[in-house]
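Residue numbers (my numbering), protein chains in the order written: chain A, 1 to 195; chain B, 1001 to 1195. Before any comments, here is the structure.
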DNA sequence: ATAATTTCTTATCATACATCAATGCGCAGT
DNA sequence: ACTGCGCATTGATGTATGATAAGAAATTAT
């Protein structure tokens, strides 16, 4: 039962035979990673796309001033990777770390090629993933350019209500681009307003 | 001489026959757009990718508070598009406008499919464009999360020294996510330091 | 050339958010 | 259960940047 979600994800998006997918997917390791464990570190090459079967991962960077910036939270059914590092074969600027004990399928370039050859529609699917990624990044940029601390937090709640409850506020703050103290104050204000 | 740069761009990236590319590319309109003219407006669907043969385009949005945010400056040899709108067939959140009189090749979905069928390597090329786009967006996010006004401006100078001289500062400011007044102050400070 | 806009600069004032610091809470490990 | 460390909260203070306004400069239109 270690790749069920990935298989479900693929079959529901690709309209292809489950047995066939299974025979490919099962060749790729599904790894149990413990809380705090790293799947990628800064300056190493990212060779995988991680699909989260269960648990929660976080991708983040540490800037020149020593500050952490959360790039993504990746709960069940999410893909995470450093596409930049993987595609251009460059040292990564990011860490990917488990925030909870997790089960993760390790997908690599061979997997992609294998599926692309076998299922022409996979290329399109992959394309869609890229476009979704771009859409997500655009939204993030727009938020950073136009929203106040409070607005950012409200957007976050609306988008990821579940994640909010599973990660420390300090990491939410680093996702929103504000300090933990500011986030705390924003929360107090909102609580005061609503009751 | 209206598609030379696009053809050069494609042949140098695809290693395919120039004559063959030409026969396809020449079917697509190369449009002369005048300064101030719009190629895309908010809420309309983006049906094209624009390749800039000459001149300069700007992609920007206007947020809920009425403020402009420059997404991209696109000088010669650049592609611009709203991938989100085009790919998901959604109303666009952006404007694309000419900052200078420009010559622009209008590429559409048919063009992509045509080239993909004819040249399998085109799919890979397209993939590379997507990854470059992602890399660019990541960099932007990192800048917005970690850099001060001055640092942003210095990064901009380093990356786009040519563009700096061709666009009003008010637009550079809206790209950096600061006010024109702040940019003016930053510039004065830098001038004072260096001499 | 002249007039009309738009942009740039500069100054003053306002503010959202950061920084620093202290306290208490809560969960994790022993 | 005890201990310790990281996290959240709160207050005091600082600062970078925003808002507003007004005049200078530059660009565009007539």
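Where is the CB? At the ideal position from N, CA and C, for every residue including glycine.
In angstroms, rounded to a whole number, what distance separates the CA positions of residue i and residue j?
{"i": "residue 178 of chain A", "j": "residue 164 of chain A", "result": "15 Å"}
{"i": "residue 1132 of chain B", "j": "residue 87 of chain A", "result": "10 Å"}
{"i": "residue 111 of chain A", "j": "residue 25 of chain A", "result": "8 Å"}
{"i": "residue 1075 of chain B", "j": "residue 1155 of chain B", "result": "18 Å"}
{"i": "residue 1008 of chain B", "j": "residue 127 of chain A", "result": "25 Å"}
{"i": "residue 16 of chain A", "j": "residue 56 of chain A", "result": "28 Å"}
{"i": "residue 1196 of chain B", "j": "residue 1162 of chain B", "result": "An answer regarding residue 1196 of chain B cannot be provided, because it is not within the stretch 1001 to 1195 covered by chain B."}
{"i": "residue 1187 of chain B", "j": "residue 1117 of chain B", "result": "50 Å"}
{"i": "residue 1140 of chain B", "j": "residue 153 of chain A", "result": "20 Å"}
{"i": "residue 1011 of chain B", "j": "residue 1119 of chain B", "result": "11 Å"}
{"i": "residue 122 of chain A", "j": "residue 1193 of chain B", "result": "55 Å"}
{"i": "residue 1171 of chain B", "j": "residue 1070 of chain B", "result": "7 Å"}
{"i": "residue 1023 of chain B", "j": "residue 1050 of chain B", "result": "19 Å"}
{"i": "residue 144 of chain A", "j": "residue 1085 of chain B", "result": "21 Å"}
{"i": "residue 1109 of chain B", "j": "residue 65 of chain A", "result": "44 Å"}
{"i": "residue 176 of chain A", "j": "residue 1142 of chain B", "result": "12 Å"}
{"i": "residue 1147 of chain B", "j": "residue 1020 of chain B", "result": "46 Å"}
{"i": "residue 1138 of chain B", "j": "residue 61 of chain A", "result": "11 Å"}
{"i": "residue 1098 of chain B", "j": "residue 1002 of chain B", "result": "17 Å"}
{"i": "residue 1167 of chain B", "j": "residue 1159 of chain B", "result": "14 Å"}
{"i": "residue 46 of chain A", "j": "residue 90 of chain A", "result": "8 Å"}
{"i": "residue 1129 of chain B", "j": "residue 113 of chain A", "result": "19 Å"}
{"i": "residue 14 of chain A", "j": "residue 77 of chain A", "result": "16 Å"}
{"i": "residue 124 of chain A", "j": "residue 48 of chain A", "result": "20 Å"}
{"i": "residue 169 of chain A", "j": "residue 1151 of chain B", "result": "28 Å"}
{"i": "residue 1157 of chain B", "j": "residue 63 of chain A", "result": "20 Å"}
{"i": "residue 1189 of chain B", "j": "residue 1180 of chain B", "result": "14 Å"}
{"i": "residue 191 of chain A", "j": "residue 1115 of chain B", "result": "56 Å"}
{"i": "residue 18 of chain A", "j": "residue 1018 of chain B", "result": "43 Å"}
{"i": "residue 92 of chain A", "j": "residue 44 of chain A", "result": "6 Å"}
Would you call the CB atoms of residue i and residue j closer than 7 Å?
{"i": "residue 82 of chain A", "j": "residue 95 of chain A", "result": "no"}
{"i": "residue 174 of chain A", "j": "residue 68 of chain A", "result": "yes"}
{"i": "residue 1080 of chain B", "j": "residue 1059 of chain B", "result": "yes"}
{"i": "residue 1182 of chain B", "j": "residue 1149 of chain B", "result": "yes"}
{"i": "residue 5 of chain A", "j": "residue 36 of chain A", "result": "no"}
The beta strand (DSSP E) with residue i in it runs from where to where?
{"i": "residue 96 of chain A", "result": "95 to 98"}
{"i": "residue 1074 of chain B", "result": "1068 to 1075"}
{"i": "residue 983 of chain B", "result": "This structure cannot settle anything about residue 983 of chain B, because the visible part of chain B is limited to 1001 through 1195."}
{"i": "residue 62 of chain A", "result": "56 to 62"}
{"i": "residue 1039 of chain B", "result": "1038 to 1040"}
Starting from residue i, follow the alpha helix (DSSP H) in both directions and report where the run begins and ends.
{"i": "residue 1148 of chain B", "result": "First-last for residue 1148 of chain B: undefined, no H or E at that position."}
{"i": "residue 956 of chain B", "result": "Because chain B is modelled from 1001 through 1195, residue 956 of chain B falls outside the range shown and cannot be assessed."}
{"i": "residue 3 of chain A", "result": "Per DSSP, residue 3 of chain A belongs to no alpha helix (DSSP H) and is neither H nor E."}
{"i": "residue 1109 of chain B", "result": "1109 to 1118"}
{"i": "residue 1161 of chain B", "result": "1161 to 1164"}
{"i": "residue 16 of chain A", "result": "Looking at the DSSP string, residue 16 of chain A is not in any alpha helix (DSSP H), and its letter there is neither H nor E."}
{"i": "residue 1169 of chain B", "result": "1169 to 1176"}
{"i": "residue 83 of chain A", "result": "83 to 88"}
Check: With a cut-off of 8 Å, do at least 3 Cβ pairs link the region 1027 to 1046 of chain B to the region 1094 to 1109 of chain B?
Finding: yes
Margin query: Across the region 134 to 142 of chain A and the region 30 to 44 of chain A, are there enough close Cβ pairs to call them in contact, namely three or more that are closer than 8 Å?
Written below: no
Check: Using a beta-carbon distance cut-off of less than 8 Å, what residues from the region 129 to 140 of chain A approach chain B?
Finding: For the region 129 to 140 of chain A, the beta-carbon criterion of a distance under 8 Å to any beta-carbon of chain B is satisfied by 130, 131, 133, 134, 135, 137, 138 and 140.
Note to self: Taking beta-carbon pairs under 8 Å, can you tell me which members of the region 53 to 66 of chain A lie near chain B?
What the structure shows: 61, 63, 64 and 65
Next item on the list: Note down, in chain order, all residues in the region 173 to 184 of chain A with a beta-carbon under 8 Å from any beta-carbon belonging to chain B.
Entry: 177
Margin query: What are the residues in the region 1095 to 1120 of chain B lying within 9 Å of chain A by C-beta distance?
Written below: none
Check: Along the region 73 to 87 of chain A, what residues have a CB closer than 7 Å to any CB found in chain B?
Finding: 83, 84 and 87
Check: Which of the residues in the region 1140 to 1172 of chain B, read from start to end, lie with their CB under 8 Å from any CB of chain A?
Finding: 1140, 1141, 1142, 1144, 1145 and 1146
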